[in-house]
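Chains as they are written, first to last, in the numbering used here: chain V, 1 to 295; chain P, 1001 to 1295. Heads up, the beta-carbon is just placed ideally off N, CA and C, and yes, glycines get one too.
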């Protein structure tokens, strides 16, 4: 099999093509909105969530076009959250993926509408019969993605994150924040293939458990890079969390403690995959990729 | 039958109870978000859209609990749009329904998240099996509501509206703006009962056509009240559109021309209802209500 990076690039390309096809063209009286939606989601990102959807779908022999549509829906939700998180009232980010953030390239009002319309489009894509012939499967995808994105998932996590500024969260609270803000959508991405493949509840539970470990590992590695990383490699200003007084897993456990936690998560994630009745080599590789990445 | 106002109040009460039940309680680490979501949608509004859903559902003998869930979904989308439209970057509204707007009562970041999470919740509610036993019906509701809310509907209309400030739109453009910004969601509300009742495509088309006339009539009456209304009755600052240099149907057709258009719409809406094979007395009444209201 080709190296992971090559396979990720191939899937990122397929997702790009489908995003381009499903996003409205920059035409019509609302052309500016369509142009800004395309700016916000096309041409960037590692597309980790789509890759997880595709890897999960492969386990259950799901036809690729269906998995690609679900990948697009997940990426639309992810993209909307980045546009809204970057707004001046939120994280006030000037750049995103090396380009001006959406509200700087366009304006704040347009960026708010971009996020809103990307979210609507995600559910439109999922509910369409092209995503799966069985309506019950499509409904299940809509419901689970809505929960993952909503106040008991991603939006709720962002609320906790905003309120956490300047307050000393404990470890449990930091873990809860991460679980909602980034974990919920990763769990959906990992479970989606099993939903498309009509897999048993036990398999879905194992994938969600794997995803929870993966999400936390991703966050810890992010925090470690923030403290120990090379700014030239990460392309980010380092030490931001510390400067912002934000509680992180690394801040609470120390660097060695965080590395031990990464090791434990790796063992735990692997055990969850052992519970599947098939070899999930790609998901094991993704875990290694996430905890060894340098950007 | 009880007068329309009484029946509207009864339905508004039923919707309030169901909204209260389906909105998350103001608990948990993200309690502030939940509190703000409840603030934004509970205890206010004419609930016109829910009333249209219920009236349409009655025509096709749809069990009320199903129609109430769809009403709630529509109202969640409507509520999210009000919260985002009121933001400083958008219409910068200080009050809504006689209370401080959501971003003033809470803060801007919270208000952005409120809108985002209300939208997710709307689709969660629709996709849930409690909304309709047939998954195909639920998917159809999700897809149509997503289109109505998205860039080819409500969000697109708001984009056009923002860009219209200080520009001289022609009649066709003003009509297109209204069709997207408010018409699309009204069309969904009017068609939803027929979708729940598995009605024929012809009935659904007639209801959508009725809704298009109703939506435009609603807007024209709004514009007329802005010019000729009594501020004490409408509870709004009048003459705002003119002051903002916004093109309106009344500005383009004149007061008499707008009243003639209202009359034409009334005839047209009534003809669309004639195409249904059942007596839609309530929808006829709603039309009268909309064009004769003084606030």
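Could you tell me whether the Cβ atoms of residue i and residue j are closer together than 8 angstroms?
i: residue 1011 of chain P; j: residue 1072 of chain P; result: no
i: residue 1140 of chain P; j: residue 1195 of chain P; result: yes
i: residue 1042 of chain P; j: residue 1019 of chain P; result: yes
i: residue 51 of chain V; j: residue 1146 of chain P; result: no
i: residue 1197 of chain P; j: residue 1055 of chain P; result: no
i: residue 1165 of chain P; j: residue 29 of chain V; result: no
i: residue 1213 of chain P; j: residue 1265 of chain P; result: yes
i: residue 229 of chain V; j: residue 178 of chain V; result: no
i: residue 1221 of chain P; j: residue 1286 of chain P; result: no
i: residue 87 of chain V; j: residue 111 of chain V; result: yes
i: residue 79 of chain V; j: residue 40 of chain V; result: yes
i: residue 1132 of chain P; j: residue 1210 of chain P; result: no
i: residue 1089 of chain P; j: residue 108 of chain V; result: yes
i: residue 1082 of chain P; j: residue 1069 of chain P; result: no
i: residue 118 of chain V; j: residue 171 of chain V; result: no
i: residue 1114 of chain P; j: residue 1037 of chain P; result: yes
i: residue 1188 of chain P; j: residue 1062 of chain P; result: no
i: residue 53 of chain V; j: residue 174 of chain V; result: no
i: residue 184 of chain V; j: residue 159 of chain V; result: no
i: residue 1217 of chain P; j: residue 1180 of chain P; result: no
i: residue 127 of chain V; j: residue 1142 of chain P; result: yes
i: residue 1253 of chain P; j: residue 1206 of chain P; result: no
i: residue 193 of chain V; j: residue 67 of chain V; result: yes
Name the chain P residues that come within less than 8 angstroms of residue i, Cβ to Cβ?
i: residue 24 of chain V; result: 1151 and 1152
i: residue 130 of chain V; result: What residue 130 of chain V touches in chain P: nothing, since even the nearest Cβ is about 11 angstroms away.
i: residue 255 of chain V; result: The premise fails here: residue 255 of chain V is roughly 26 angstroms from chain P at the closest Cβ pair, so nothing lies under 8 angstroms.
Kindly list, in the order they appear in chain V, the residues whose Cβ is closer than 7 angstroms to that of residue i.
i: residue 1139 of chain P; result: 127, 135, 138 and 139
i: residue 1108 of chain P; result: 89
i: residue 959 of chain P; result: Residue coverage of chain P in this structure runs from 1001 to 1295, which leaves residue 959 of chain P outside it and unanswerable.
At a CB-CB cut-off below 7 angstroms, which residues of chain P make contact with residue i?
i: residue 34 of chain V; result: 1151
i: residue 124 of chain V; result: 1143, 1146, 1147 and 1150
i: residue 248 of chain V; result: The contacting residues do not exist; residue 248 of chain V stays about 17 angstroms from chain P at best.
Mapping the DSSP letters down to three states, classify residue i as helix, strand or coil.
i: residue 1024 of chain P; result: coil
i: residue 65 of chain V; result: helix
i: residue 294 of chain V; result: coil
i: residue 247 of chain V; result: coil
i: residue 123 of chain V; result: helix
i: residue 1252 of chain P; result: helix
i: residue 163 of chain V; result: helix
i: residue 144 of chain V; result: helix
i: residue 279 of chain V; result: coil
i: residue 221 of chain V; result: helix
i: residue 1181 of chain P; result: helix
i: residue 1030 of chain P; result: coil
i: residue 107 of chain V; result: coil
i: residue 1264 of chain P; result: helix
i: residue 1008 of chain P; result: helix
i: residue 1151 of chain P; result: coil
i: residue 1054 of chain P; result: helix
i: residue 1002 of chain P; result: coil
i: residue 1193 of chain P; result: helix
i: residue 200 of chain V; result: coil
i: residue 289 of chain V; result: helix
i: residue 89 of chain V; result: coil
Along chain V, in chain order, which residues have C-beta atoms closer than 9 angstroms to that of residue i?
i: residue 1116 of chain P; result: 80, 81, 84, 115, 116, 119, 149, 150, 151, 154, 155 and 158
i: residue 1015 of chain P; result: The contacting residues do not exist; residue 1015 of chain P stays about 20 angstroms from chain V at best.
i: residue 1011 of chain P; result: Under the 9 angstroms cutoff, chain V gives no residues; its nearest Cβ is about 25 angstroms from residue 1011 of chain P.
Could you pull the DSSP bridge partners for residue i from this structure?
i: residue 96 of chain V; result: V/99
Would you say the beta carbon of residue i comes nearer than 7 angstroms to a heavy atom of the ligand NAP?
i: residue 1056 of chain P; result: No copy of the ligand NAP appears in this structure; indeed no ligand is present at all.
Cβ closer than 8 angstroms: which chain V residues qualify as neighbours of residue i?
i: residue 1291 of chain P; result: Simply none; closest approach about 27 angstroms.
Show which residues of chain P have a CB atom less than 9 angstroms away from the CB atom of residue i.
i: residue 68 of chain V; result: Per Cβ cutoff of 9 angstroms: no residues; residue 68 of chain V is ~18 angstroms from chain P at best.
Exercise. When Cβ atoms are compared, which residues of the region 172–199 of chain V fall closer than 9 angstroms to chain P?
Worked result: 173, 176, 177 and 180
Problem set entry | Residues, ordered as in the chain, of the region 200–231 of chain V that lie near chain P by beta-carbon distance below 8 angstroms | none
For this session: Please name the residues in the region 30–58 of chain V whose beta-carbon is closer than 7 angstroms to at least one beta-carbon of chain P, in chain order.
Result: 30, 32, 33, 34 and 37
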